[in-house]
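Here is the structure we will look at.
2 protein chains.
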Amino acid sequence: MTKKTAYNIAVVGATGAVGKKITQILEQKNFPINELKLLSSKRSAGTKLLFKNQEITVEEATPDSFAGVDIALFSAGGSVSKQLAPEAVKHGAVVVDNTSAYRMDNEVPLVVPEVNEEDIKSHKGIIANPNCSTIQMVAALKPIKDAFGISRVIVSTYQAVSGAGNEACNELENQTKQYLNNEDMTAELLPVKGDEKHYPIAFNALPQIDVFQENGYTFEEMKMINETKKIMHAPNLPVAATCVRLPLFTSHAESVYVDVEKEGLAVEDIWNVLRDAEGVILEDDPNTQTYPTPLSASNKEEVFVGRVRKDLDNNKGIHLWVVSDNLVKGAAWNTIQIADRLIKNNWL
Amino acid sequence: MTKKTAYNIAVVGATGAVGKKITQILEQKNFPINELKLLSSKRSAGTKLLFKNQEITVEEATPDSFAGVDIALFSAGGSVSKQLAPEAVKHGAVVVDNTSAYRMDNEVPLVVPEVNEEDIKSHKGIIANPNCSTIQMVAALKPIKDAFGISRVIVSTYQAVSGAGNEACNELENQTKQYLNNEDMTAELLPVKGDEKHYPIAFNALPQIDVFQENGYTFEEMKMINETKKIMHAPNLPVAATCVRLPLFTSHAESVYVDVEKEGLAVEDIWNVLRDAEGVILEDDPNTQTYPTPLSASNKEEVFVGRVRKDLDNNKGIHLWVVSDNLVKGAAWNTIQIADRLIKNNWL
Chain X
23 MTKKTAYNIA VVGATGAVGK KITQILEQKN FPINELKLLS SKRSAGTKLL
73 FKNQEITVEE ATPDSFAGVD IALFSAGGSV SKQLAPEAVK HGAVVVDNTS
123 AYRMDNEVPL VVPEVNEEDI KSHKGIIANP NCSTIQMVAA LKPIKDAFGI
173 SRVIVSTYQA VSGAGNEACN ELENQTKQYL NNEDMTAELL PVKGDEKHYP
223 IAFNALPQID VFQENGYTFE EMKMINETKK IMHAPNLPVA ATCVRLPLFT
273 SHAESVYVDV EKEGLAVEDI WNVLRDAEGV ILEDDPNTQT YPTPLSASNK
323 EEVFVGRVRK DLDNNKGIHL WVVSDNLVKG AAWNTIQIAD RLIKNNWL
Chain V
23 MTKKTAYNIA VVGATGAVGK KITQILEQKN FPINELKLLS SKRSAGTKLL
73 FKNQEITVEE ATPDSFAGVD IALFSAGGSV SKQLAPEAVK HGAVVVDNTS
123 AYRMDNEVPL VVPEVNEEDI KSHKGIIANP NCSTIQMVAA LKPIKDAFGI
173 SRVIVSTYQA VSGAGNEACN ELENQTKQYL NNEDMTAELL PVKGDEKHYP
223 IAFNALPQID VFQENGYTFE EMKMINETKK IMHAPNLPVA ATCVRLPLFT
273 SHAESVYVDV EKEGLAVEDI WNVLRDAEGV ILEDDPNTQT YPTPLSASNK
323 EEVFVGRVRK DLDNNKGIHL WVVSDNLVKG AAWNTIQIAD RLIKNNWL
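Protein chains in written order, with the working numbering: chain X, 23 to 370; chain V, 23 to 370.
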């Protein structure tokens with residue numbers, strides 16, 4: 023069978039923060055598209071969006087939307103994926119799903135291409151895109167694990183509101199204006215849409231992302247813990263996470279502590295493996311105050327690492343500061359990378 | 023000798039963010055003051071400030087300013103303390119110093135009253151007030167250490183700009199307005215006044231507080247590491263810190279990982295000791311989304327702890343979220359507490 027040179031692509035959730043970013047990157051990267059279908063909920067259907075200077079009308083996503091689609095990129099929330107991803111697969115599409123619906127399903131590969139590209143091969147129609155804060159952390163940890171082994175990870179996150187969607191960005195902007203005008207802040211969405219209580223995020227820090235689980239951890243924290251083990255093929259790796267939402271629009275940062283297996287490493291040893299790592303950019307020089315920040319990483323597709331330090335007490339301990347755009351590498355770009363590897367490797 | 027009933031107090035750095043907070047709390051607490059001297063640099067001398075509805079003219083701080091002063095509360099920067107604290111002592115005053123000038127001096131007690139009040143007793147004229155981020159952490163760790171032992175601490179901080187003074191608050195406010203107006207942000211101060219590079223703090227996170235040391239850690243991180251060991255009388259306790267400045271005006275938060283010595287503790291065991299701890303308020307209920315935040319802790323004098331969790335892999339590991347107002351307990355209130363204990367214990 024001759025390989026196609028262009029593909030029919032569907033974007034589900036096309037009017038959302040991630041969906042828009044996906045369409046934008048498909049255009050920038052000149053992805054080999056035959057037909058692009060932009061799909062959404064009934065509510066947003068009819069919206070017109072531009073792709074390569076052509077207006078595309080967003081259609082309501084239904085099971086029949088996927089007839090003739092080669093690859094469907096889902097980012098419309100877990101319930102939509104649960105309902106429609108199997109329908110897309112039935113119609114012969116391969117789904118790259120950006121929600122948490124299938125991530126921990128044993129039948130579904132969970133992929134960061136720089137870390138576990140080969141896992142894509144065993145897909146049965148659905149490939150899951152990991153949680154944004156997980157993606158950037160494993161991209162930084164993988165080269166360290168390969169070179170020196172890893173026996174423990176403890177992470178505290180500094181996460182942007184765009185991870186909670188366009189509405190959350192509006193909420194941060196509105197609250198910021200209210201605060202500066204000495205008005206009471208209106209908190210109706212964060213930390214979690216639909217949860218019982220809402221707190222202001224402007225000039226604040228909320229130690230809750232997603233809902234609480236029975237063990238006292240939030241779902242976001244459990245995603246980081248469980249997804250990291252799955253992606254790195256390290257089911258017994260101890261991983262601990264504390265996830266915090268902050269008044270940033272874009273890019274997550276992470277303070278990561280790692281125990282490596284090899285003793286006596288120097289900072290230069292870590293620098294060397296990070297410099298050579300795919301998708302990672304080392305920005306680390308205390309002498310020139312060089313380190314990544316959420317603003318400096320925004321709209322870029324790489325994972326940036328700085329502040330590499332040896333622990334002062336534990337000879338196997340390393341501290342890192344990891345920053346990446348949560349909507350780009352943390353969502354849209356990683357999704358498109360998976361689609362790209364599906365095609366390049368003939369794994370469709 | 024009869025104990026005085028009111029004292030001559032000097033506030034050095036009276037026009038700064040911490041100095042103003044000190045004067046405000048002295049008034050609120052009805053501190054037993056005979057005469058209050060407000061002192062500053064030559065530049066700010068002449069400013070008029072209100073204390074209990076009386077106008078006080080700020081005077082330039084000189085060696086002679088301390089004649090007759092019983093207690094001098096310094097927060098005008100390390101170089102002023104280096105120069106004038108010994109002069110105040112020569113004039114018979116006891117100095118409570120809020121800068122880093124004397125903190126690691128073996129002759130100077132470094133005190134958080136809830137943790138090591140007894141250390142005040144051995145002062146030789148100067149008592150040091152610890153760094154803000156250290157104070158709130160040790161207040162939360164002390165009861166845990168006393169009950170269960172502590173063998174390791176790893177902290178990542180979420181710090182407000184007011185720790186860098188009034189000017190830093192103005193910078194955050196101005197940059198925020200610029201960003202919302204789509205203007206370029208003016209960065210002239212943060213992360214560190216006088217350092218070579220400056221980065222915007224609005225909608226950003228800067229992994230640098232104070233200048234870099236030769237070992238790749240910032241001075242703020244080394245303060246947390248060294249001061250914690252000194253205050254807790256635990257010179258060999260492994261402490262690691264990553265300090266991050268955030269777009270918050272007030273209150274620092276900390277994600278703290280602790281290894282306790284006792285095995286098999288339940289979250290309830292930690293809750294119980296924190297509930298009984300002096301100066302600590304437990305705010306922790308995942309079922310009702312109860313946890314402290316920088317906004318909820320602002321203008322309060324306690325240290326707030328929430329998100330207490332057992333590590334999922336390490337049976338001796340505990341995670342905490344610690345929040346406190348960096349200008350109140352982190353600076354002014356802790357300083358005044360030390361002054362108060364000096365008087366109450368007859369240790370002047």
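Where a beta carbon is used, it is the ideal one built from N, C-alpha and C, also for glycine.
Apart from sequence neighbours up to five positions away, the residues of its chain that approach F241 (chain V) with a beta-carbon distance below 7 Å are D232, V233 and Q235, ordered along the chain.
At least one CB of chain X lies nearer than 7 Å to the CB of Q311 (chain V). For the options V:L71, V:P152 and V:K25, the alpha carbon positioned closest to that of I253 (chain V) is the one of V:P152. Between H274 (chain V) and C154 (chain V), the beta carbon gap of about 6 Å places them in contact (Cβ cut-off 8 Å).
Excluding its 5 nearest sequence neighbours in each direction, A39 (chain X) has C-beta neighbours in its own chain below 7 Å: S184, G187, N188 and L349, listed in chain order. The bridge partners DSSP lists for I176 (chain V) are V:A262 and V:Y279.
Shortest Cα-Cα distance from V330 (chain V) to any of V:L364, V:W355, V:N226 and V:V295 involves V:V295. K219 (chain V) reaches chain X at Q311, counting residues in chain order whose Cβ is nearer than 7 Å. By a beta-carbon distance limit of 8 Å, D281 (chain V) does not contact K332 (chain V). Their separation comes to about 12 Å. Membership of T79 (chain V) in any alpha helix (DSSP H) is not indicated; the residue belongs instead to the beta strand (DSSP E) covering Q76 to T79.
By the C-beta density criterion, R65 (chain V) is exposed, having fewer than 16 other C-beta atoms within 10 angstroms. Relative to T84 (chain V), the option among V:P229, V:V34 and V:K70 whose CA is nearest is V:V34.
Taking 7 Å as the threshold, the shortest C-beta distance from R267 (chain V) to chain X does not fall below it. By the Cβ neighbour-count rule, A262 (chain V) is buried, with 16 or more other Cβ atoms within 10 Å of its own. Rounded to the nearest whole angstrom, the C-alpha separation of E109 (chain X) and L212 (chain X) is 32 Å. Nearest to I157 (chain X) by alpha-carbon distance, out of X:Y313, X:N367, X:G301 and X:Q311, is X:G301. Residue pairing of W343 (chain V) in beta bridges, as defined by DSSP: V:S277 and V:G328. In this structure L194 (chain X) touches A224 (chain X) by the C-beta definition: roughly 6 Å separates them, less than 8 Å.
Counting other Cβ atoms within 10 Å of its Cβ, P316 (chain V) reaches 16 or more and is therefore classed as buried. Those residues of the stretch 270 to 292 of chain X placed with their C-beta closer than 7 Å to a C-beta in chain V are L270, F271, A275, S277, Y279 and V289, ordered along the chain. With distances taken between CA atoms, Y239 (chain X) lies nearest to V:D306 out of V:A28, V:D306 and V:V91. If you check the CB distance, D347 (chain V) and S320 (chain V) come in under 7 Å. When beta bridges are read from the DSSP output, N30 (chain V) appears opposite V:E57.
Judged by beta-carbon spacing, A361 (chain V) lies within the 7 Å limit of V118 (chain V), meaning their Cβ atoms are closer than that value. Contact check between the stretch 120 to 138 of chain V and the stretch 68 to 83 of chain V: fewer than three CB pairs, one atom from each, fall below 8 Å, which does not count as touching. Taking a C-beta cut-off of 7 Å against chain X, the contacting residues of the stretch 148 to 182 of chain V are I176, S178 and Y180, listed in chain order. A buried status is given to R174 (chain X), since no fewer than 16 other beta-carbon atoms sit within 10 Å of its beta-carbon. By the C-beta density criterion, A98 (chain X) is buried, having at least 16 other C-beta atoms within 10 angstroms. In terms of CA proximity to T272 (chain X), X:Q181 leads the group X:K199, X:Q181 and X:P165. Residue state for R267 (chain V) is assigned as strand, using DSSP reduced to three classes. In the structure shown, F225 (chain X) falls within a coil segment according to DSSP collapsed to helix, strand and coil.
Listed by position along chain X, the residues whose Cβ is nearer than 9 Å to that of W355 (chain V) form an empty set, because the closest Cβ is around 21 Å away.
Any Cβ of chain V closer than 7 Å to the Cβ of W343 (chain X) would place that residue at the interface, and such an atom is present. The beta carbon of N226 (chain V) sits closer than 7 Å to some beta carbon of chain X. With 16 or more other CB atoms across the displayed protein chains lying within 10 angstroms of its CB, S103 (chain X) is buried. Considering only beta carbons, the part of the stretch 250 to 264 of chain V lying closer than 7 Å to chain X consists of P260, A262 and T264, in chain order.
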